[in-house]
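S.K.:
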Amino acid sequence: MLAACSNGAQDSAQDAQKSADQAQQASDKAQQAAATAPTAATEQAADQAKMASDTASMAADQAKQAAAAASAGAPASSMTASGDGMMKDAKDAASNAADQADKAADAAKDAADNAKDAAKDASGK
Numbered sequence: 229m230l231a232a233c234s235n236g237a238q239d240s241a242q243d244a245q246k247s248a249d250q251a252q253q254a255s256d257k258a259q260q261a262a263a264t265a266p267t268a269a270t271e272q273a274a275d276q277a278k279m280a281s282d283t284a285s286m287a288a289d290q291a292k293q294a295a296a297a298a299s300a301g302a303p304a305s306s307m308t309a310s311g312d313g314m315m316k317d318a319k320d321a322a323s324n325a326a327d328q329a330d331k332a333a334d335a336a337k338d339a340a341d342n343a344k345d346a347a348k349d350a351s352g353k
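Residues 229 to 353 (this note's numbering) are what the sequence shown spells out, left to right.
#1: In whole angstroms, give me the CA-to-CA distance for residue 251 and residue 270.
#2: Relative to the alpha-carbon of residue 292, which residue among 349, 243 and 317 has its alpha-carbon at the smallest distance?
#3: Does the Cβ of residue 342 have 16 or more other Cβ atoms within 10 Å, making it buried, or fewer, making it exposed?
#4: Nearest by alpha-carbon distance to residue 260: which of 246, 240 and 281 is it?
#5: Give the straight-line distance between the Cα atoms of residue 302 and residue 324, rounded to the nearest whole angstrom.
#6: Hey, would you say residue 344 sits closer than 8 Å to residue 274, going by beta carbons?
#7: Give a yes or no on whether the C-beta atoms belonging to residue 340 and residue 277 are separated by under 8 Å.
#8: Can you grab the Cα-Cα spacing for the pair residue 285 / residue 333, in whole Å?
#9: Skipping 5 residues on each side, what residues in its chain have a beta carbon closer than 6 Å to that of residue 262?
#10: If you draw a straight line from the C-alpha of residue 294 to the C-alpha of residue 350, how long is it?
#11: According to the Cβ coordinates, are residue 318 and residue 241 closer than 8 Å?
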C-alpha cells in the first residue's frame, strides 16, 4: 500500500528515475553526435555532443538531488513497518537511478571528448 509510504520519498525516487532517463537520452545523443563527428561538419558535431553531455550531467545532478531527497524522506518514526520497507525501496530506487544517471553522464562526456578529438584531427589543428 503506497499510502503508508512517505509520498516524498516515492516522488523523489520517481524524480531521480526521470532525471536518470533524461541523462541516458542526452548521453545517447552525445554518442550519436560523436559517431557522426568524423563525417559530419566535425566542429558542429562536437558542439552537439558537448551540449548533450552537459544536459546529461545536469540530469545526473538532478537525479542525485532527488536521491538525497528520497533518503531524507519522512522520519522512520512516522512509518508503519511496511512503510519502512517502502521507504527503503524508494531510497534504493532513487540511489540506483542516480548511479544510472552518473554512468550516462560519464558516457556522454567521453563521447563529447571523442567528438572534440575527431574535430581536431579533421581540421588538422
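Cβ coordinates follow ideal geometry from the N, Cα and C atoms, glycine included.
M.R.: This is what the structure gives:
#1: Approximately 23 Å between the Cα atoms of the pair.
#2: That would be 243, whose Cα lies nearest to the Cα of residue 292.
#3: Buried, since its Cβ has 16 or more Cβ neighbours within 10 Å.
#4: Minimum Cα-Cα distance from residue 260 among the listed residues 246, 240 and 281 corresponds to 281.
#5: With a pLDDT of 49 at residue 302, under the threshold of 50, the predicted position of this residue should be treated as unreliable, and no value is reported.
#6: Taking the C-beta atoms as reference points, residue 274 is found nearer than 8 Å to residue 344.
#7: Taking 8 Å as the Cβ cut-off, residue 340 and residue 277 qualify as a contacting pair.
#8: If I take the Cα positions, the gap works out to 5 Å.
#9: So the list reads 277, 339, 342 and 343, once near-sequence residues are dropped.
#10: Cα-Cα distance, rounded: 41 Å.
#11: Yes, the pair counts as a contact, with Cβ atoms nearer than the cut-off.
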